[in-house]
Amino acid sequence: ACFETSIVPTDKGGTGPGPDILVTPPQLTFGTLSMRDSEAQVFEVQNIGEATLHVENIVIKSGLSFAITTREVAFDLEPGETRDIEVTFTPMGANENYGQAAALSDDYDTPEATVDLLGMGAVPELRITPESSVFSDMVVPCGESVELTLENVGTEDLESTDYEYESSGLLSLDDSRFP
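The opening position of the sequence shown corresponds to residue -12 in the working numbering, with each subsequent residue numbered one higher.
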């Protein structure tokens, strides 16, 4: 079957004209947003084929900062029809946030048509190093100590107003160095 001309296998085992999905644009680029800010943009799903296109779902394949905000994500498109799909970006991390949206359909040669997503997060981001530490078997009160470094690797100011420390009683925190 020649897919460029929308001739595809049919359910009855023959060939005939079929649906053909096109999503535009291929990438949505969002602005630089601060924490708790959001921006919505739209991509278009179009049936450029010769039979009804059944869109089963519109999903975010990757990227926790992105969400599909269009209510109806399963629909049919007749040849030539289009549907706008809204994607909202709310940064969950600093710097570049990548993701991908996908339209899942019965298009024979493109059952998953994707749109790349990119947004910039202007948010604080705390890094604690080392991430973990293993203490050897020591007799109490003789012990080891580990100094933790707290660093803002984000692009906005980080304000820490409190901290919490939990231990089973064998470890302690020297908080004399905290302001």
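Glycine is no exception: its CB is placed at the ideal position from the N, C-alpha and C atoms.
Cβ neighbours of residue i in the same chain (closer than 6 angstroms, five flanking residues each side left out)
i             : result
leucine 9     : Gln33, Ile35
methionine 79 : Leu51, Ser52
serine 49     : Gly86, Gln87
leucine 137   : Ile115
alanine 54    : Thr75
Reference residue i; option with closest CA among the options
i              : options                      : result
tyrosine 95    : Ile45, Glu37, Val133         : Glu37
aspartate 24   : Asp93, Arg58, Phe62, Thr75   : Thr75
leucine 91     : Ile47, Thr148, Glu146        : Ile47
serine 132     : Ala109, Val121, Gly86, Ala54 : Val121
aspartate 71   : Thr56, Asp149, Val29         : Val29
asparagine 139 : Phe17, Asn82, Ser119         : Asn82
glutamate 134  : Thr148, Ser119, Gly141       : Ser119
leucine 113    : Asp7, Tyr150, Phe62          : Tyr150
Rounded separation between residue i and residue j - CA only
i             : j            : result
asparagine 84 : glycine 106  : 5 angstroms
asparagine 44 : alanine 100  : 11 angstroms
glycine 5     : glycine 67   : 13 angstroms
valine 60     : alanine 109  : 30 angstroms
glutamate 73  : tyrosine 152 : 42 angstroms
valine 102    : proline 117  : 37 angstroms
threonine 57  : threonine 11 : 16 angstroms
threonine 170 : threonine 77 : An answer regarding residue 170 cannot be provided, because it is not within the stretch -12 to 166 covered by the chain.
threonine 148 : threonine 19 : 26 angstroms
Sub-8 angstroms separation of residue i and residue j beta-carbons
i                : j            : result
valine 42        : leucine 64   : yes
phenylalanine 17 : glutamate 26 : yes
proline 98       : glycine 141  : no
Own chain residues within Cβ distance below 7 angstroms of residue i, not counting five before or after
i          : result
glycine 0  : The predicted position of glycine 0 is uncertain, since its pLDDT is 44 and thus under 50; a value taken from the coordinates is nonetheless stated next. No residues qualify anywhere along the chain.
proline 13 : Val102, Asp103
Cβ distance (whole Å) where residue i is taken to contact residue j below 8 angstroms
i         : j             : result
serine 21 : glutamate 143 : 6 angstroms
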